[in-house]
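> Keeping their order, the protein sequence lines are chains D and V. Sequence positions in the first sequence follow this note's numbering and run 177 to 261. Sequence positions in the second sequence follow this note's numbering and run 22 to 411. Sending over a structure as structure tokens; questions will come in a sec.
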Amino acid sequence: MNTPLSKDDTRRQVLRILGEIAPEADTTSLRPDVSFRDQLDLDSMDFLNFVVALHKEFHIEIPESDYPKYMTLNGCLTQLSAARS
Amino acid sequence: MAEFLMPTLGADMTDGTLVQWKKKEGDRIAKGETIAEVDTEKAAIDVESHTTGIIERLITRPGDKVPVGTVMAIIREEGGPTTSVASPRAVAAPPSPPPPAPRTESAAVAPSQAGRLRISPAAKKLAAERGIDASTLQGTGPEGAITLDDIDRATTATTDIAKPVGAADRQARMRQTIAAAMARSKREIPHYYLSTTIDMGRAITWLKDSNEQRPVTERLLYGVLLIKAVALALRRVPELNALWKDGEAHRSERIHIGTAISLRQGGLVAPALHDADRLSLSELMQNFQDLVKRARAGSLRSSELSDPTITVTSLGEQGVETVFGVIYPPQVALVGFGKVVERPWVADGLVVPRPVLMASLSADHRVTDGHRGGLFLAEIDRLLQEPQSL
Numbered sequence: 177m178n179t180p181l182s183k184d185d186t187r188r189q190v191l192r193i194l195g196e197i198a199p200e201a202d203t204t205s206l207r208p209d210v211s212f213r214d215q216l217d218l219d220s221m222d223f224l225n226f227v228v229a230l231h232k233e234f235h236i237e238i239p240e241s242d243y244p245k246y247m248t249l250n251g252c253l254t255q256l257s258a259a260r261s
Numbered sequence: 022m023a024e025f026l027m028p029t030l031g032a033d034m035t036d037g038t039l040v041q042w043k044k045k046e047g048d049r050i051a052k053g054e055t056i057a058e059v060d061t062e063k064a065a066i067d068v069e070s071h072t073t074g075i076i077e078r079l080i081t082r083p084g085d086k087v088p089v090g091t092v093m094a095i096i097r098e099e100g101g102p103t104t105s106v107a108s109p110r111a112v113a114a115p116p117s118p119p120p121p122a123p124r125t126e127s128a129a130v131a132p133s134q135a136g137r138l139r140i141s142p143a144a145k146k147l148a149a150e151r152g153i154d155a156s157t158l159q160g161t162g163p164e165g166a167i168t169l170d171d172i173d174r175a176t177t178a179t180t181d182i183a184k185p186v187g188a189a190d191r192q193a194r195m196r197q198t199i200a201a202a203m204a205r206s207k208r209e210i211p212h213y214y215l216s217t218t219i220d221m222g223r224a225i226t227w228l229k230d231s232n233e234q235r236p237v238t239e240r241l242l243y244g245v246l247l248i249k250a251v252a253l254a255l256r257r258v259p260e261l262n263a264l265w266k267d268g269e270a271h272r273s274e275r276i277h278i279g280t281a282i283s284l285r286q287g288g289l290v291a292p293a294l295h296d297a298d299r300l301s302l303s304e305l306m307q308n309f310q311d312l313v314k315r316a317r318a319g320s321l322r323s324s325e326l327s328d329p330t331i332t333v334t335s336l337g338e339q340g341v342e343t344v345f346g347v348i349y350p351p352q353v354a355l356v357g358f359g360k361v362v363e364r365p366w367v368a369d370g371l372v373v374p375r376p377v378l379m380a381s382l383s384a385d386h387r388v389t390d391g392h393r394g395g396l397f398l399a400e401i402d403r404l405l406q407e408p409q410s411l
């Protein structure tokens with residue numbers, strides 16, 4: 177396992193991954209409690225790619241039943257911080 | 022000898038611009054390998070060769086815009102004669118370079134003499150300064166030698182290409198292409214429309230169970246089940262898997278499902294998932310992911326754009342329940358899927374909530390009638406009730 181990341185680092189990485197999936201989107205003005213799909217016009221393929229990227233970046237398992245927990249920025253940060261501890 | 026022509030990469034494409042050759046004269050090319058990158062109204066496309074052989078001559082220059090059907094290169098087919106052909110239809114084609122070594126059975130390993138470049142020392146120096154690969158150029162000097170002028174022209178072409186096409190410009194051109202294809206469709210094709218509601222309960226449960234067993238990198242989306250069901254149903258009603266050409270329908274042996282993919286900047290492409298009926302769901306998912314990725318990155322292959330035999334469009338993600346699709350000419354059918362929604366459903370005499378999906382068919386009435394169209398939708402429904410056998 178890598179050295180634990182700070183919350184800011186995690187946030188930056190999640191935003192970077194989103195930026196790769198939706199390159200035209202302005203992720204800096206993302207509202208943390210509103211779903212990515214609504215803000216970034218992600219479809220199910222984009223969301224699957226996002227989950228795959230989180231899995232690869234943070235070395236975590238994300239069962240399909242947990243997908244809803246990863247649909248907002250705050251949700252992601254909560255899940256990732258729980259996975260680290 | 023085979024001619025490599027500017028391909029049609031979609032209905033109503035009239036011309037294309039050669040961005041760059043991916044091969045040099047004298048290179049060997051295999052069928053299906055990329056020979057050129059061509060810029061169309063929609064995207065820059067990697068165009069594949071239909072022939073295996075040796076590239077005898079590259080006629081079109083990078084930066085040139087030529088009409089569909091223009092001879093862009095000459096390929097000497099494997100096993101074909103080695104004599105040079107007369108310059109075919111090419112206007113002011115430069116003299117041929119020395120003919121490549123005659124092909125024998127062992128020609129593949131024999132170094133070709135054709136690679137030797139005729140270029141003046143001054144032109145060579147200029148090419149090096151400007152970072153131009155002179156071996157990709159057509160010389161206009163004596164015996165096809167590359168001159169200073171040739172390097173100048175190549176520099177201009179490269180500069181033009183390097184200038185990125187503005188996103189707004191690309192979008193406007195794509196809109197025009199879609200407009201032309203859809204106007205032609207509605208002008209020429211007498212559409213009829215059918216729809217049916219499909220109980221997706223079994224398919225969704227099966228998918229959930231299957232995805233639980235799969236690592237995240239191998240999970241399936243339900244859209245892949247729909248594509249596979251359409252592909253298999255076409256085996257039962259093959260007249261919908263056809264292209265309309267010269268006043269009649271030509272059935273396609275192979276099933277290439279055009280998959281409508283919306284682009285983030287706006288616009289739409291519908292490249293083919295080749296042989297969708299023969300691929301496993303996992304293979305289909307992988308190819309689908311790859312196709313969406315490349316469609317959005319603007320790196321589709323020519324065959325993917327030119328050979329879909331039917332189109333599937335899913336608009337459920339946008340909350341749409343029913344699609345009334347417009348057929349993409351010269352295809353003769355389009356299948357539309359809406360959103361999976363929970364609805365009261367009667368099963369075994371009881372009203373129960375079930376996830377259901379509206380499937381629609383837009384078909385060309387010159388080719389099929391409602392009866393066959395109805396059988397096709399019923400077959401898709403039947404297949405989706407047995408997801409394990411898809």
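Just so you know, even glycine gets a beta-carbon here, dropped at the ideal spot from N, CA and C.
Consider the Cβ of D/M221: report whether some Cβ of chain V lies at a distance smaller than 9 Å.
Position 45 of the first sequence holds residue 221 of chain D. Judged by the 9 Å Cβ criterion, D/M221 is in contact with chain V.
> Using only CA atoms, which one of V/V313, V/R223 and V/R97 lies nearest to V/E407?
Locating residue 407 of chain V in the second sequence gives position 386, counting from the first residue. The candidate whose alpha carbon is nearest that of V/E407 is V/R223.
> I'd like to know whether the C-beta of V/V237 is nearer than 9 Å to at least one C-beta of chain D.
What you label residue 237 of chain V is simply residue 216 of the second sequence in a count that begins at 1. Taking Cβ atoms only, chain D reaches closer than 9 Å to V/V237, which makes this a yes.
> Answer yes or no: does any C-beta atom of chain D fall closer than 9 Å to that of V/P185?
Position 164 of the second sequence, counted from the first residue, corresponds to residue 185 of chain V. At V/P185 the pLDDT is 49, less than 50, meaning the model places this residue with poor confidence and gives no usable figure here.
> Taking any Cβ of chain D, which residues in the stretch 205-233 of chain V have a Cβ under 8 Å from it, in chain order?
Here the close residues are K229, N232 and E233.
> Looking at C-alpha atoms only, which residue of V/T217, V/R387, V/S141 and V/R364 is the closest neighbour of V/A263?
Along the second sequence, read from residue 1 onward, the residue named residue 263 of chain V stands at position 242. With distances taken between Cα atoms, V/A263 lies closest to V/R387.
> Identify the continuous alpha helix (DSSP H) that holds D/K232 and give its terminal residues.
Translated into positions along the first sequence, residue 232 of chain D becomes position 56. S220 to F234 is the extent of the alpha helix (DSSP H) around D/K232.
> Using a C-beta cutoff of 9 Å, does D/S211 count as contacting chain V?
If you number the first sequence from 1, residue 211 of chain D lands on position 35. Closer than 9 Å: no.
> Closest to V/E363 by CA distance: which of V/G357, V/V356, V/V372 and V/L355 is it?
Reading the second sequence from its first residue, position 342 is the one you call residue 363 of chain V. Nearest C-alpha to V/E363: V/V372.
> Listing by chain order, which chain D residues have their CB less than 7 Å from the CB of V/E338?
As a first step, residue 338 of chain V is located in the second sequence; it is residue number 317 there, counting from the start. In chain order: D219 and S220.
> If you count every other CB in all the chains shown that lies within 10 Å of the CB of V/P123, and 16 or more means buried, which is it?
Reading the second sequence from its first residue, position 102 is the one you call residue 123 of chain V. For V/P123, the predicted structure reports a pLDDT of 38, less than 50, and the residue's modelled location is therefore unreliable. A value from the coordinates is still provided. Burial call: exposed.
> So, for D/Q215: in the same chain, excluding its five sequence neighbours on each side, which residues have a beta-carbon less than 7 Å away from its beta-carbon?
Residue numbering aside, residue 215 of chain D sits at position 39 when the first sequence is read from its first letter. Cβ within range, chain order: L206 and R207.
> Looking at the structure shown, is V/M203 part of a helix, part of a strand, or coil, going by DSSP?
Walking along the second sequence from the start, residue 203 of chain V turns up at place 182. Residue state, collapsed to three classes: helix.
> Measuring straight from C-alpha to C-alpha, what distance separates V/T238 and V/N232?
For this step, residue 238 of chain V is matched to residue 217 along the second sequence. For this step, residue 232 of chain V is matched to residue 211 along the second sequence. In a straight line, the C-alpha of V/T238 is about 10 Å away from that of V/N232.
> For chain V, check one thing: does any of its Cβ atoms lie closer than 9 Å to the Cβ of D/H235?
One-based indexing of the first sequence puts residue 235 of chain D at position 59. It does not; no Cβ of chain V falls within 9 Å.
> Out of curiosity, what's the CA-to-CA distance linking V/I225 and V/A380?
Residue 225 of chain V sits at position 204 when you count from the first residue of the second sequence. Residue 380 of chain V sits at position 359 when you count from the first residue of the second sequence. Rounded to whole angstroms, V/I225 to V/A380 spans 16 Å at the Cα level.
> Given a cut-off of 9 Å on the beta-carbon distance, is the pair D/L218 and D/I197 in contact?
Counting from one through the first sequence, the residue named residue 218 of chain D turns up at place 42. Counting from one through the first sequence, the residue named residue 197 of chain D turns up at place 21. It is a contact, given that the beta carbons lie within the stated cut-off.
> Quick one, which residues of the stretch 268-294 of chain V are near chain D if we go by CB-CB under 7 Å, in chain order?
Residues R285 and Q286.
> Bridge partners for V/R322 per DSSP, in chain order?
If you number the second sequence from 1, residue 322 of chain V lands on position 301. For V/R322, which the question treats as bridged, DSSP gives the partners V/D67.
> Kindly say whether D/L224, judged by its beta-carbon, lies nearer than 9 Å to any beta-carbon of chain V.
On the first sequence, position 48 is the one that residue 224 of chain D refers to. Chain V, which has a Cβ nearer than 9 Å to the Cβ of D/L224, makes this yes.
> Given that V/L242 touches chain D, what residues does it touch there, using C-beta distances under 9 Å?
As a position in the second sequence, residue 242 of chain V is number 221, starting the count at 1. Within chain D, the residues near V/L242 are S220, M221 and L224.
> Extract the residue ranges of the beta strand (DSSP E) inside the stretch 323-369 of chain V, only unbroken runs of 3 or more that lie entirely within it.
Qualifying beta strand (DSSP E) stretches, in chain order: 331-335, 354-358 and 362-368.
> CB-CB under 6 Å to V/E54, same chain, minus the five flanking residues each way: which ones, in chain order?
Position 33 of the second sequence holds residue 54 of chain V. Counting only Cβ-Cβ distances below 6 Å, and skipping sequence neighbours, we find S70.
> Start and end of the beta strand (DSSP E) containing V/G279?
The count along the second sequence starts at 1 and reaches residue 279 of chain V at position 258. Per DSSP, V/G279 belongs to the beta strand (DSSP E) from I278 to T280.
> Using only alpha-carbon positions, find the residue among V/S156, V/V313 and V/D328 that is nearest to V/A293.
For the purposes of this step, residue 293 of chain V is taken as residue 272 along the second sequence, with counting starting at 1. Comparing Cα positions, the closest option is V/D328.
> Cβ of D/V190 less than 9 Å from any chain V Cβ?
On the first sequence, residue 190 of chain D is found 14 positions in, with the first residue counted as 1. No, because no Cβ of chain V sits closer than 9 Å to the Cβ of D/V190.
> Could you tell me which of V/G395, V/R78, V/R235 and V/L158 sits nearest to V/R49, measuring between CA atoms?
Residue mapping note: residue 49 of chain V aligns to position 28 of the second sequence, counting from 1. Selected option, being the one with the closest Cα: V/R78.
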